[in-house]
Amino acid sequence: MSIIKLPEQEPQFLQPLLSFCHRRRYPAKTDIVHPGDNADTLFYLVDGSVAIIIEDEEGKEIILTYLNKGEFIGEMGLFTAQAQPSRSVLVRTRSS
Numbered sequence: 009m010s011i012i013k014l015p016e017q018e019p020q021f022l023q024p025l026l027s028f029c030h031r032r033r034y035p036a037k038t039d040i041v042h043p044g045d046n047a048d049t050l051f052y053l054v055d056g057s058v059a060i061i062i063e064d065e066e067g068k069e070i071i072l073t074y075l076n077k078g079e080f081i082g083e084m085g086l087f088t089a090q091a092q093p094s095r096s097v098l099v100r101t102r103s104s
């Protein structure tokens with residue numbers, strides 16, 4: 009997994025991109041990406057944080073990492089030469 013960390017304030021170059029984006033607000037503990045989902049969406053965390061989760065063979069959830077404000081989710085499916093057609097992790101908003 010690759011994480012792009014941006015400065016605390018949104019840099020100027022990001023403003024044009026964000027002007028074309030759909031903004032969505034999700035409640036705490038909401039699954040926003042599921043394994044098997046199409047990998048055709050890029051998410052940018054304007055605020056809050058999410059957990060990146062996988063399940064082991066027994067169905068137990070394992071948190072791989074947390075992503076926070078200013079980070080992207082889903083860029084691997086869009087910008088890599090070996091793009092995956094579907095997601096392989098669960099992404100869940102964290103509790104408030």
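First residue of the sequence shown: 9, per the numbering used here; consecutive thereafter.
Don't be surprised by glycine CBs; every beta carbon is placed ideally from N, CA and C.
Keep in mind that this is a model prediction, so the values were computed, not measured.
Inter-residue CB distance, residue i and residue j (contact presumed, cutoff 8 angstroms)
i, j, result
"Arg102", "Ser57", "5 angstroms"
Reference residue i; option with closest CA among the options
i, options, result
"Leu98", "Glu65, Leu72, Leu50 and Asn76", "Leu72"
"Lys4", "Ile60, Leu53 and Ile70", "Residue coverage of the chain in this structure runs from 9 to 104, which leaves residue 4 outside it and unanswerable."
"Ser94", "His42, Phe28 and Phe80", "His42"
"Tyr74", "Ile62, Pro24, Thr49 and Glu66", "Ile62"
"Ser96", "Gln23, Pro24 and Asp48", "Asp48"
"Glu79", "Lys68, Glu66, Gly44 and Ala59", "Ala59"
For residue i: DSSP bridge partner residues
i, result
"Thr49", "Answer is none; Thr49 lacks a bridge partner."
"Ile60", "Thr73 and Val99"
"Ser27", "Per DSSP, none; premise fails for Ser27."
"Phe80", "Tyr52"
Inter-residue spacing [alpha-carbon to alpha-carbon] between residue i and residue j
i, j, result
"Lys37", "Phe51", "17 angstroms"
"Arg33", "Ile40", "11 angstroms"
"His30", "Glu83", "16 angstroms"
"Asp64", "Ile70", "7 angstroms"
"Leu25", "Ile81", "15 angstroms"
"Pro35", "Gln23", "25 angstroms"
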